[in-house]
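So the structure is just underneath, and the comments pick up after that.
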Amino acid sequence: MPTWPISSIKALLEPTLNHMGYELYALDQSGQSGRTLRISIDRNEPITIEDCERVSKVAGPLIDHSKLIEGSYDLEVSSPGAERPLRNHHDYERFNGKRVNVRYRGGDTETVVEGQLVAVDGAGIAVQAPGARGRAPVIIHIAWEDVVAARLAVAI
0 MPTWPISSIK
10 ALLEPTLNHM
20 GYELYALDQS
30 GQSGRTLRIS
40 IDRNEPITIE
50 DCERVSKVAG
60 PLIDHSKLIE
70 GSYDLEVSSP
80 GAERPLRNHH
90 DYERFNGKRV
100 NVRYRGGDTE
110 TVVEGQLVAV
120 DGAGIAVQAP
130 GARGRAPVII
140 HIAWEDVVAA
150 RLAVAI
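Under numbering that gives the first Met the number 0, the sequence shown has 92 at position 93, and the numbering climbs by one with no breaks.
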């Protein structure tokens, strides 16, 4: 499997995508043969198929002319998805008020809570979770250092 200079490809694409109004959310090399470049884009409004097509039409020629990838490759452009990971403080602030799934440390164990993200500050986050057996909802405060992973959650 060939190894591509992902950081160089990111540096090539990021300024143009930003100018187009998109954030380069993720960039990786994948596929069984390793010949697929996956670009995940984001912005404040929902990403549409037209957005993905627009980015593909610009990113493909940029990559081709840069000669950063030798030979043929497949290009996939997508959104981060409905259950995207929350990766940094900005993501938590952006999705404050949304339903989240958070895995966090509590002493020597890890716990998962799903509920509404109700607060984000320098100390950590607060998630309002449904109460057990019809009881009132509870607010769980989680320090940043205790957050193991978090993602948006789709309500069932």
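Even for Gly, the Cβ is constructed at its ideal location relative to N, Cα and C.
Quick caveat: nothing in here was measured; it's all calculated off a predicted structure.
- Going by beta carbons, Ala128 and Val119 fall outside the 8 Å limit.
- Looking from the CA of Gln28, the closest CA among Asn100, Pro45 and Ile8 belongs to Ile8.
- The beta carbons of Ile40 and Val54 sit closer together than 8 Å.
- Taking a C-beta distance under 8 Å as the contact criterion, Leu26 and Glu82 do not qualify as a contact pair.
- Under DSSP, Asn100 forms a beta bridge with Glu113 and Arg150.
- DSSP links Arg37 through a beta bridge to Asp27 and Glu75.
- Beta-bridge annotation (DSSP): Pro84 is paired with Arg150.
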